[in-house]
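Chemist:
In our numbering, the protein residues as written are 28 to 152.
(1) Which residue from 29, 36, 31 puts its Cα closest to that of residue 97?
(2) Is the segment 36–48 in contact with the segment 76–94, if contact means three or more CB pairs nearer than 8 Å?
(3) Is the segment 112–129 touching the segment 64–78, taking contact as three or more C-beta pairs under 8 Å?
(4) Could you tell me the alpha carbon to alpha carbon distance between residue 114 and residue 77, rounded to whole angstroms?
(5) Could you tell me the alpha carbon to alpha carbon distance between residue 44 and residue 30, rounded to whole angstroms?
(6) Could you check which residue in 58, 123, 83 has the C-alpha nearest to that of residue 139?
(7) Under 7 Å, do residue 137 and residue 40 count as touching if we go by C-beta distance?
(8) Going by the CB atoms, is the gap between residue 94 and residue 132 shorter than 7 Å?
(9) When the Cα atoms are used, what is the spatial distance from residue 11 to residue 112?
(10) First and last residue of the alpha helix (DSSP H) that includes residue 41?
(11) With DSSP collapsed to three states, give me the class of residue 79.
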């Protein structure tokens, strides 16, 4: 089945900036869902920064691809990212076909890209 791309979003964040923000009260609770927090607390401090920076970038990228941004229509809590058994990230919330996600990080940055695609009914490749 052929798909049409509805939206593309990308976001990059400085891990050092996230580190400063993570020291604020309730930052992780505002950005991460309960499921994400459960994984976050099991990680080393360095890995926690990479994790939350990647999730932050992914949620921002999703909001851009969705055309809403983070705000009154869409919050960080409306978006949850899980990993499949091979480690590939995917959106467990919202549950929707056609969401594609890639997250990467280096020593200094985390980046995420999101593509939202919808199948074209009745059209086969």
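Glycine included, every Cβ here is placed at the ideal spot set by N, Cα and C. A quick note: this is a predicted structure, and the numbers were derived from the prediction, not measured.
Modeler: Based on what the coordinates show:
(1) Taking the chain shown and counting its residues from 1, the one referred to as residue 97 is at position 70. Comparing Cα-Cα distances from residue 97 to each of 29, 36, 31, the minimum goes to 36.
(2) Enough Cβ pairs lie closer than 8 Å, so yes.
(3) no
(4) Residue mapping note: residue 114 aligns to position 87 of the chain shown, counting from 1. Residue mapping note: residue 77 aligns to position 50 of the chain shown, counting from 1. So the two alpha carbons sit approximately 15 Å from each other.
(5) For the purposes of this step, residue 44 is taken as residue 17 along the chain shown, with counting starting at 1. For the purposes of this step, residue 30 is taken as residue 3 along the chain shown, with counting starting at 1. Distance between the alpha carbons of residue 44 and residue 30 is about 37 Å.
(6) As a working note, residue 139 is residue 112 in the chain shown. The shortest Cα separation from residue 139 among 58, 123, 83 belongs to 83.
(7) Counting from 1 along the chain shown, the entry for residue 137 is found at position 110. Counting from 1 along the chain shown, the entry for residue 40 is found at position 13. Result yes, Cβ atoms of residue 137 and residue 40 sit closer than 7 Å.
(8) Taking the first residue of the chain shown as 1, we reach residue 132 at position 105. Taking the first residue of the chain shown as 1, we reach residue 94 at position 67. Contact flag unset, no.
(9) Only positions 28 to 152 of the chain appear in this structure, which leaves residue 11 out of reach.
(10) One-based indexing of the chain shown puts residue 41 at position 14. Element bounds for residue 41: not the alpha helix (DSSP H) but the beta strand (DSSP E), 30–41.
(11) Translated into positions along the chain shown, residue 79 becomes position 52. Helix.
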